[in-house]
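Colleague: First the structure, then my questions, so here it is.
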Amino acid sequence: MGDVLAGFHAAWEFESDSVLIRFERGIRTPKLFQALGERRIPHEAIAAVTLSPGKRGTVVLHAVPRPGADPLMEAAAGQLKDGCDPYRLVLPAERETLAEYYADELRAQVSADDGGPPDRYLVAAPEAPLQFKAYDGKASFDGKLVSFRWFWTGASSAKWKAGDQSFAVTDLSGIEWRSPEVFEGHLRLLRRDTPVAQPAQADQDPAAVVFGLGYGPVHESLPFAASILAAIRASGPPALTSDGVGAAPAPAVRRDPADIADRIRHLGELHQAGLLTDEEFTTKKAELLAEL
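Heads up: the sequence shown begins at -10 in my numbering, then just goes up one per residue.
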């Protein structure tokens, strides 16, 4: 066990090859920290270490992550507020001397690397299964499949027409996470080799869920996005069959008959409202019945 430096909301334990960050639980601790619990940051995942004055008589020890080393920070893409940055440890100003000592010790362990981003993630992503409620649907990830189930009250007619969606990790090239704390927040899955470009608006894209007030909060949707990114990188290139064509998609999972009946009822309401043509209604109804 290494030396421990405790600050507000977290404590850093300095080990021979890494820093173990343990986040506190409490009403004042950012929810993202509580969701993460603890994280081990290898020295090779750190690009630099800084110590700077903070707000209201504090100092901030910051382990700057190496680009491409942490799927959480890659998914965040600079959108996290300082108070929710898991690489910042805020301490009372009277502990500045002690913080400077540990900053120097950590700098001595961190070597400059000009080789660019690593070929793998060096920091572990939150583990699947994960799920959260967006404004227009429920998103879930079991480690291999990302699934979106649309909500009647929020999903656009385009998504209802497309139906609930499931995406194999091997069919994805990345994700786009736009924080729910800004305008048009969403989580979009980026697909490999799609024959048609994905819609520009996330609310029209069946490969995306949109956020809203209280839906898809940072502490739920960002770890979700990071877990998908890590799985995509671990999966490597999509599997191919012997003739060079992509492998067949995973078979559909059979659903609860009550769920199917509920979806058919919703389709009927869309049809009566003029949002679905006769042909679209018949096609989608047949698809749902085939899942029984």
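All C-beta atoms, glycine included, are put in the ideal place defined by N, C-alpha and C.
Quick one: grab the DSSP three-state call for G126.
Modeller: As a first step, residue 126 must be located in the sequence shown, where it is residue number 137. Strand at G126.
Colleague: Would the beta-carbon of D59 fall within 8 Å of that of Y110?
Modeller: Position 70 of the sequence shown holds residue 59. Position 121 of the sequence shown holds residue 110. It is a contact, given that the beta carbons lie within the stated cut-off.
Colleague: In three-state DSSP terms, what is I221?
Modeller: In the sequence shown, residue 221 corresponds to position 232, counting from 1. Three-state result, I221: helix.
Colleague: Starting from L9, follow the beta strand (DSSP E) in both directions and report where the run begins and ends.
Modeller: Locating residue 9 in the sequence shown gives position 20, where the first residue counts as 1. L9 -> beta strand (DSSP E) spans 7 to 12.
Colleague: Whole angstroms is fine: what's the gap from R45's alpha carbon to A144's?
Modeller: Position 56 of the sequence shown, counted from the start, is the residue given in the question as residue 45. Position 155 of the sequence shown, counted from the start, is the residue given in the question as residue 144. One C-alpha to the other measures close to 44 Å.
Colleague: Assuming V49 and A37 make a contact with CB atoms under 8 Å, what is their CB distance in whole Å?
Modeller: To locate residue 49, count along the sequence shown from 1; it is residue 60. To locate residue 37, count along the sequence shown from 1; it is residue 48. Not confirmed; about 14 Å, so no contact.
Colleague: The beta strand (DSSP E) that contains L50, what's its start and end?
Modeller: On the sequence shown, residue 50 is found 61 positions in, with the first residue counted as 1. Residues 47 to 54.
Colleague: Rounded to whole angstroms, what is the Cα-Cα separation between E27 and G263?
Modeller: Within the sequence shown, residue 27 is the residue found at index 38, counting from 1. Within the sequence shown, residue 263 is the residue found at index 274, counting from 1. C-alpha separation (whole angstroms): 51 Å.
Colleague: For a test of the three-state rule: what should DSSP assign to H260, helix, strand or coil?
Modeller: Against the sequence shown, residue 260 aligns to sequence position 271. In this structure, H260 counts as helix in the three-state DSSP scheme.
Colleague: Does E173 pass the burial test, meaning 16 or more other C-beta atoms within 10 Å, or should it be called exposed?
Modeller: Against the sequence shown, residue 173 aligns to sequence position 184. It is exposed - the Cβ of E173 has fewer than 16 other Cβ atoms within 10 Å.
Colleague: Thinking C-beta only, is D131 closer than 8 Å to A313?
Modeller: In this structure the chain extends from -10 to 281, so residue 313 is not present and cannot be described.
Colleague: Curious, which full-length alpha helix (DSSP H) runs of at least 4 residues does the segment 125 to 193 contain?
Modeller: 146 to 151, all fully within the segment 125 to 193.
Colleague: Based on the DSSP secondary-structure assignment, which residues constitute the bridge partners of I30?
Modeller: Along the sequence shown, read from residue 1 onward, the residue named residue 30 stands at position 41. Its beta-bridge partners are V8.
Colleague: Any idea what DSSP makes of I71, helix, strand or coil?
Modeller: As a working mapping, residue 71 is identified with position 82 in the sequence shown. In the sequence as displayed, the identity of residue 71 is Asp instead of Ile. Note: D71 maps to helix in three-state DSSP.
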